[in-house]
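A.B. asks:
In mature numbering (1 follows the signal peptide of the UniProt record, and there is no 0), the protein residues as written are -26 to -1, 1 to 506.
Spelled out as structure tokens, the structure:
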């Protein structure tokens, strides 16, 4: 090391430790960690490193926290946040975290439902990929290279600039980070036509625990399989993804029809269960349910929403043949482009398309504080079951609760469950997402809301998948089981939650994890364990 570099490092550490001496007692490895990083960064260290005494630390940490349950005074905070500007910064962060005994959390968009990308119960560093957000579109070959720190809205916007007839089968919440989203599977409006997002990944650039930069050919098919749905923060850091763009018509059609219980909603949603998964793959079909007040009386509002790859007349003809009871008419339908449908289903249709570039925009799809769970349904819920569900939604603590049914079938039923780690394919009629949310004024009721959704999840047991009861790793739920605070666990304990997320694919994930990260450096409360 040059003398000038040594002096710069020593001065930086001296200023840091004088300003914040408790850091030494909080973690004895921090001094060495910062020195290690500084030895790699010959340029201004302040550009990529934020310690807790840095004036920008809180704003950088909070910038992409999407669930305020994990942004409280008692929430554990990272000792350091690193926002790399180049690949070598990531390699150095991995190396310095590993050699100094610090847990590393990887954040792309901050949407982890249990905050695992930016919260740890042991001393930790956050690797925030916000600066790795390049999007390159190749219209001629229908492919894109997208870095993990990009949000879906940035990706979608770049597609829309270049083509009205290309799209990507991902979700409707535009602030979700591409890296975490693809790591868990990723469903959206095109899942019944083109499958999950990970079914359309062609290649990836990956950094392993030893700092090696790998692509599909050099990492091998096992690891390439694992990173496409095996969950974020398990195997290494995915820098970027090569994605297959898909064809859509220049005009698509959307509709939403709302019915209350007094308007035959129970019979309609019961019948939808036998219709939704059998519709052609060109249709995305969803049903949402929540309690509302009508004329001073509580009732359940059921909304039937669809997205169709085609024009209104063709959709009406199809729905009259498959689901005439819904009563779809031309006035219910709106024709638009694919990119406009993202705004429609994201409930931001009154905004310009430029909102997709706003990383700080708080989605109306989620309350500031929330808890979400997910189930898979293989057999229709009987009408009597819905009557019981309504009674639960009428409860006082369900005032902010909602349910959403998303139809499967189509392409989802054609792809084998072993094709990617995401196993919930053929045989599932639909999935159910349960959400309860609240704002700051209601925070005194937070435990009541949390208790309600847990009890409701238990109540739903007879109606959903069994042995195991399925769950979705991108809707992470620590109620179904966790590793210990250090991210370590036994095979038996991890299998409780691992098989819910991955079914029989869990054993293959353990095998790959053990091969690529044998000392279990990349770990968190629901990380894939290594075999012993």
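Every residue, glycine too, gets a C-beta built ideally from N, C-alpha and C.
Residue range of the alpha helix (DSSP H) that residue 453 falls in?
C.D. replies: Element bounds for residue 453: n/a, residue is neither H nor E.
A.B. asks: Alpha carbon to alpha carbon, how far is residue 24 from residue -4? Give it in angstroms, no decimals.
C.D. replies: Low confidence applies to residue -4: its pLDDT is 41, below 50, so where it sits in the model is not reliable enough to give any reading.
A.B. asks: Starting from the Cα of residue 54, find the closest Cα among 9, 374 and 43 and give me that residue.
C.D. replies: Answer by Cα proximity: 9.
A.B. asks: Mark residue 368 as exposed unless 16 or more other C-beta atoms lie within 10 angstroms of its C-beta, in which case mark it buried.
C.D. replies: Residue 368 comes out exposed.
A.B. asks: Tell me which residue opens and which closes the beta strand (DSSP E) that residue 168 is part of.
C.D. replies: Counting along the chain, residue 168 falls outside any beta strand (DSSP E), though it belongs to the alpha helix (DSSP H) covering 165 to 168.
A.B. asks: Please work out which residues of its chain come closer than 6 Å, Cβ to Cβ, to residue 42, disregarding the five sequence neighbours upstream and downstream, and give them in chain order.
C.D. replies: Hits under 6 Å: 342 and 343.
A.B. asks: Are residue 250 and residue 381 touching if we call contact CB-CB under 9 Å?
C.D. replies: The answer is yes: Cβ separation under 9 Å.
A.B. asks: Is the separation between the beta-carbon of residue 507 and that of residue 376 shorter than 9 Å?
C.D. replies: There is simply no residue 507 to check, as the chain begins at -26 and stops at 506 in what is shown.
A.B. asks: Quick check on residue 65: buried or exposed, where buried means 16 or more other Cβ atoms within 10 Å of its Cβ?
C.D. replies: Buried: at least 16 other Cβ atoms inside 10 Å.
A.B. asks: For residue 508 and residue 394, I'd like the C-alpha separation in whole angstroms.
C.D. replies: Residue 508 cannot be examined here, being either before or after the span of the chain that is shown, -26 to 506.
A.B. asks: Count the other C-beta atoms from every protein chain shown that fall within 10 angstroms of the C-beta of residue -2, then say buried if there are 16 or more, exposed otherwise.
C.D. replies: With a pLDDT of 41 at residue -2, under the threshold of 50, the modelled position of this residue cannot be trusted; read the value that follows with caution. With fewer than 16 Cβ atoms within 10 Å of its Cβ, residue -2 is classed as exposed.
A.B. asks: Are there 16 or more other CB atoms within 10 angstroms of the CB of residue 221, so buried, or fewer, so exposed?
C.D. replies: Result: exposed.
A.B. asks: Is the segment 317 to 334 close to the segment 239 to 246, with three or more CB pairs under 8 Å?
C.D. replies: No, because fewer than three Cβ pairs between the segment 317 to 334 and the segment 239 to 246 fall closer than 8 Å, the two stretches do not touch.
A.B. asks: To the nearest angstrom, report how far apart residue -6 and residue 272 are at their CA atoms.
C.D. replies: Here residue -6 scores only 39 on pLDDT, less than 50, and its place in the model should not be relied on; the value that follows carries that caveat. Their backbone Cα atoms lie some 57 Å apart in a straight line.
A.B. asks: From the DSSP output, read off the bridge partner residues of residue 2.
C.D. replies: DSSP output for residue 2 lists no bridge partner at all.
A.B. asks: With distances taken between CB atoms, is the gap from residue 72 to residue 101 smaller than 9 Å?
C.D. replies: Going by C-beta atoms, residue 72 is not nearer than 9 Å to residue 101.
A.B. asks: Per DSSP, what are the beta-bridge partners of residue 119 in this structure?
C.D. replies: For residue 119, which the question treats as bridged, DSSP gives the partners 110 and 216.
A.B. asks: What's the gap between the Cα of residue 144 and the Cα of residue 480?
C.D. replies: Computed Cα separation, rounded: 24 Å.
A.B. asks: Compare the Cα-Cα distances from residue 346 to each of 133, 86, 32 and 505 and report the closest residue.
C.D. replies: It is 86.
A.B. asks: Near residue 283, what residues of its chain come up, given a Cβ to Cβ distance below 7 Å and the 5 sequence neighbours on each side ignored?
C.D. replies: Excluding positions up to five away in sequence, the list reads 167, 222, 223, 226 and 256.
A.B. asks: Three Cβ pairs or more, each shorter than 8 Å: is that satisfied between the segment 181 to 193 and the segment 469 to 487?
C.D. replies: Touching, no, given that fewer than three Cβ pairs across the two stretches are closer than 8 Å.
A.B. asks: Since I believe residue 217 is in contact with residue 534 (beta carbons under 8 Å), could you give me their beta-carbon distance rounded to a whole number of angstroms?
C.D. replies: This structure does not reach residue 534, given that the chain is present from -26 up to 506, and the question cannot be answered.
A.B. asks: Residue 133: which of 151, 114 and 296 sits nearest, CA to CA?
C.D. replies: Cα-wise, what sits closest to residue 133 is 114.
A.B. asks: Bridge partners for residue 409 per DSSP, in chain order?
C.D. replies: Looking at the DSSP assignment, residue 409 forms a beta bridge with 346 and 376.
A.B. asks: Need the endpoints of the beta strand (DSSP E) that residue 24 sits in, please.
C.D. replies: Run containing residue 24: 23 to 25, per the beta strand (DSSP E) assignment.
A.B. asks: Determine the extent of the alpha helix (DSSP H) in which residue 319 is found, giving its start and end residues.
C.D. replies: Here the alpha helix (DSSP H) through residue 319 covers 312 to 319.
A.B. asks: Between the alpha carbons of residue 120 and residue 358, how many angstroms are there, rounded?
C.D. replies: Between residue 120 and residue 358, the C-alpha separation is close to 47 Å.
A.B. asks: Which one or two residues does DSSP pair with residue 77 in a beta bridge?
C.D. replies: DSSP output for residue 77 lists 98 as bridge partner(s).
A.B. asks: Quick check: residue 316 and residue 146, are their CB atoms within less than 9 Å of each other?
C.D. replies: In contact: residue 316 and residue 146 (Cβ atoms closer than 9 Å).
A.B. asks: Counting only runs that start and end within the segment 119 to 199, where is the alpha helix (DSSP H) found for 4 or more residues in a row?
C.D. replies: Segments of the alpha helix (DSSP H) lying fully in the segment 119 to 199: 126 to 136, 152 to 158, 165 to 168 and 190 to 193.
A.B. asks: Using the Cβ count rule (16 or more neighbours within 10 Å means buried), how would you classify residue 270?
C.D. replies: Burial call: exposed.
A.B. asks: Rounded to a whole number of angstroms, what is the C-alpha to C-alpha distance between residue 90 and residue 499?
C.D. replies: About 7 Å.
A.B. asks: Pull up the distance between the alpha-carbon of residue 353 and that of residue 38, whole angstroms please.
C.D. replies: Looking at the two C-alpha atoms, the distance is approximately 38 Å.
A.B. asks: Let me check you understand the geometry: is the CB of residue 247 closer than 8 Å to at least one non-hydrogen atom of the ligand GDP?
C.D. replies: Only the bare structure without any ligand can be found here, which leaves the ligand GDP out of the picture.
A.B. asks: Name the residue from 502, 494, 503 and 506 whose alpha carbon lies nearest to the alpha carbon of residue 75.
C.D. replies: Of the candidates 502, 494, 503 and 506, the one whose C-alpha sits nearest the C-alpha of residue 75 is 494.
A.B. asks: Count the other CB atoms within 10 Å of the CB of residue 397; is the residue buried (16 or more) or exposed (fewer)?
C.D. replies: Classification for residue 397: buried.
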